[in-house]
Amino acid sequence: MKFALQRFRYAATGRWAVSIRTYTPIVMPFGFLTSIEREQSFNRTSITEAVVIAVGGELVCALYIFIMQTVLLGNRYQRLQPLWRCLIVWFGAGFVRGFFTACNANWNFGYEFDFLNRIFPSMTYTGLAMALVAFFFGSIERKRIEIKALNSLDQILQTDQENLIEAEERQKVVAQQVFQNQILPQINSLQDGINELLKDPQNQTDSRSLKTLYEQSVAVANSLQSQKGNLKNQQLVNPRPDKDQDSYSYWSALLPRTLSVRITFITLLLGSFSGQYSRNGIEGVKAGFVGAVIVTAYIFPLAQIVKRNMRFKSAAYFFAYMGAFVLQAVYNVIQPKLLLVLDNPYAPWYSAIKTTYGLYIASVIATMLVLVQGSFKNLIESGAQLEKNVELLHLQNLELEQSITESQFGTLQGKISGVSMALHLMGTMESIDQKRKTELLSDASELLKESLNALKIMKEVKP
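Here our numbering is used: the first residue of the sequence shown is 64, the next is one more, and so on.
Structure follows, in C-alpha cells:
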C-alpha cells in the first residue's frame, strides 16, 4: 500500500498534476455533459437552460483551476508537489463546479440550490478524474524523462564505440604494415636462404630436413597473408540501426492501438457513478456498476487478441467498439427484467454512445502508455547491446595493441630471425659437423612451429 501511494505521488504530483491539455479534452467534456443531464433530471428544464446552468459552473471551475494551479502548484515543473495541495486543487475544482452550478440555477432561474445532489457527484467525478489523468500522464512523463536520460547515455556509448572503432582501425593498419614491411620480407629472405642451402651439394644429407623447413616457411607465409586479409576485411561490430526507436507523439495515440481492460473498467465505473448517482441514487450506481462489468468482460478477450495477434487487430477493434455500443444499448433495454428499475433511465442509444466514448478515452490513454513503455524497452535493449559492443571493442583493442603490435610481433620476428641465423651459420661455417647441423635444423623447425602457433593465436582475436 505504501509503495502504491508513493508511486502515485511520484507520477501525479509533478508536471501533469494540472494541465489544460488533459483537463479540456478528457475531464471537462464528460463532466459538462453530466451537469446538463443532472439539471434536466432535477427540474425538467429545457436543454438550453440546462446548458446555460452547466456553463456557469464550468467557467468558474476553469477560473478556480487557473488561480489555484498558480498559487498552490506554481513550481510543479521543477519539483514534486505535496499531495495535499494536489487534492485541494482536484476535489476543490469539483466542489466549485457543483457549488456555482447550484448558485447559477437559483440566481438566474429560480431553481432550488440542492447543494448535496449537485456538489457531491461533481466533486467525486472531477476529483477522481483529475487524479487519474494526472497519474496516467505523469507516468508517461516520467517514462519520457527516463527515455531522454537513456538517449543521452546511448549517445555517450555510441561516441565511445566510434572512438574505439577508430583506434581499432589504426591498430589494424599498424598490424598490416608490420606484416607487409617487416615479417613477410623476412620470410621471403628465409625461403631464399633455404633454397640456396638445397642447391649446395654439401647439404644433400640434410635435404629432407631443409625441405620440411621450406614447407614450414611457406605455411608461415600463407598464414601471414591470411591474417593480413582478415585484418583488412573483418567488420568489428554490427552497426547500430539508424532508425529512431523512440519516435512517437501524443497525437499518434488518437488512433488507439490497444485495448486496456483495467483502464476501461475504471473509466466506465467513474462515468456511471457520476451520471447515475444524481439521477437514480444508489440503484443507478448499482446499475452502472453491472453495466461496466458486462462491457469490460466483453472487452477482455478482444484485448487479448489485440495484444497477441497482429492479423486480427482491425477486426478486434471494430467488434470492441461496435459490441460495446450494442451491448450497452441492449443492457439499458433489459434493465427492468434484471430487477434494476430506475426512476430516470438513460435512453439506450445515448447510454451506448457514452460507453463507447469512455472506451475510446481509455484506449487512447492505454495506447500512450504502451507507446512510451515500448520505446523505453527498445532503448534498454539497444543500450545493453551497445554496451556489449563497447566492451567487446575495448577488449579487441587491448588484444591488438598488446598481443599483436607488441608481444606477438616482437616474438614472431625474433623466432624468424633465429631461423635465418641458424641457416646462415650452416651456410658460412664450413667446419660445422653433421650433428651440429641437425641440431640447428631441428631448432629452426621448432622456431617455425612456434611462429605458426603465434599466428593461430592472432587469428583467434576475432573482431
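By construction, the Cβ of each residue, glycine as well, lies at the ideal position given by its N, Cα and C atoms.
Endpoints, the alpha helix (DSSP H) within which residue i is located
| i | result |
| --- | --- |
| tryptophan 79 | Looking at the DSSP string, tryptophan 79 is not in any alpha helix (DSSP H), and its letter there is neither H nor E. |
| proline 364 | 324-371 |
| aspartate 223 | 178-241 |
| threonine 164 | 146-172 |
| lysine 376 | 376-397 |
| isoleucine 99 | 91-106 |
| tyrosine 127 | 110-134 |
Status (buried if at least 16 other CB within 10 Å, exposed otherwise) for residue i
| i | result |
| --- | --- |
| serine 289 | exposed |
| asparagine 452 | buried |
| alanine 355 | buried |
| glycine 77 | buried |
| serine 532 | Lying outside 64 to 526, the shown extent of the chain, residue 532 is not represented and no answer is given. |
| threonine 87 | exposed |
| threonine 189 | buried |
| leucine 449 | buried |
| glutamine 132 | buried |
| glutamine 279 | buried |
Contact under 7 Å by Cβ, residue i with residue j
| i | j | result |
| --- | --- | --- |
| leucine 220 | leucine 442 | no |
| valine 348 | phenylalanine 336 | yes |
| threonine 430 | threonine 321 | yes |
| valine 90 | methionine 193 | yes |
| isoleucine 416 | alanine 383 | no |
| glycine 201 | alanine 74 | yes |
| threonine 359 | alanine 425 | no |
| methionine 80 | glutamine 141 | The sequence as given places alanine at residue 80; methionine does not occur at that position. The answer is no: Cβ separation not under 7 Å. |
| valine 435 | lysine 206 | yes |
| serine 98 | alanine 117 | yes |
| phenylalanine 352 | phenylalanine 198 | no |
| threonine 85 | valine 196 | yes |
| alanine 392 | proline 364 | no |
| valine 95 | glutamate 121 | At residue 95 the sequence reads phenylalanine, which differs from the valine that was named. Contact flag set, yes. |
| leucine 317 | alanine 350 | no |
| leucine 401 | asparagine 343 | no |
Cβ neighbours of residue i in the same chain (closer than 7 Å, five flanking residues each side left out)
| i | result |
| --- | --- |
| valine 159 | Val123, Cys124, Tyr127 |
| proline 408 | Asn395, Gln398 |
| isoleucine 368 | Phe375, Ala379 |
| leucine 191 | Leu333 |
| tyrosine 340 | Pro184, Gly347, Val348 |
| glutamine 308 | Reliability of the predicted coordinates at glutamine 308 is poor, the pLDDT of 47 falling under 50, and the value obtained from them is presented with this limitation in mind. These residues qualify, in order along the chain: Ser438, Asn441, Leu442, Ser445. |
| leucine 390 | Ile357, Val358, Tyr361 |
| leucine 146 | Arg72, Thr76 |
| methionine 492 | Here methionine 492 scores only 49 on pLDDT, less than 50, and its place in the model should not be relied on; the value that follows carries that caveat. Closer than 7 Å at the Cβ level, and outside the excluded window around methionine 492, lies no residue. |
Sequence-distant residues of its chain with Cβ nearer than 8 Å to residue i (five each side left out)
| i | result |
| --- | --- |
| aspartate 255 | none |
| tyrosine 420 | Phe93 |
| glutamate 209 | Phe439 |
| asparagine 258 | Tyr277 |
| aspartate 305 | Note on aspartate 305: pLDDT 46, under 50, position unreliable in the model; the coordinate value appears next. Excluding positions up to five away in sequence, the list is empty. |
| phenylalanine 178 | Gly161, Phe162, Ala165 |
Contact set for residue i: own chain, Cβ-Cβ below 6 Å, skip 5 residues either direction
| i | result |
| --- | --- |
| phenylalanine 388 | Ala415, Thr419 |
| asparagine 169 | Phe176 |
| asparagine 180 | Ser341 |
| glycine 157 | Ser185, Met186, Thr189, Gly190 |
The ligand GDP heavy atom lying under 6 Å from the CB of residue i
| i | result |
| --- | --- |
| proline 92 | The ligand content of the structure shown is nil, which means the ligand GDP is not present either. |
Residue-level contact to chain D via CB, residue i, 7 Å cutoff
| i | result |
| --- | --- |
| phenylalanine 382 | Given the protein chain composition of this structure (a single chain), no chain D is represented. |
> Do the region 130-138 and the region 169-178 meet, that is, are 3 or more Cβ pairs less than 8 Å apart?
Replying inline: Judged by Cβ distances under 8 Å, the region 130-138 makes no contact with the region 169-178, as fewer than three pairs qualify.
>> Quick test of the definition: if touching needs 3 or more C-beta pairs under 8 Å, does the region 95-103 touch the region 146-153?
In response: Segments in contact, no.
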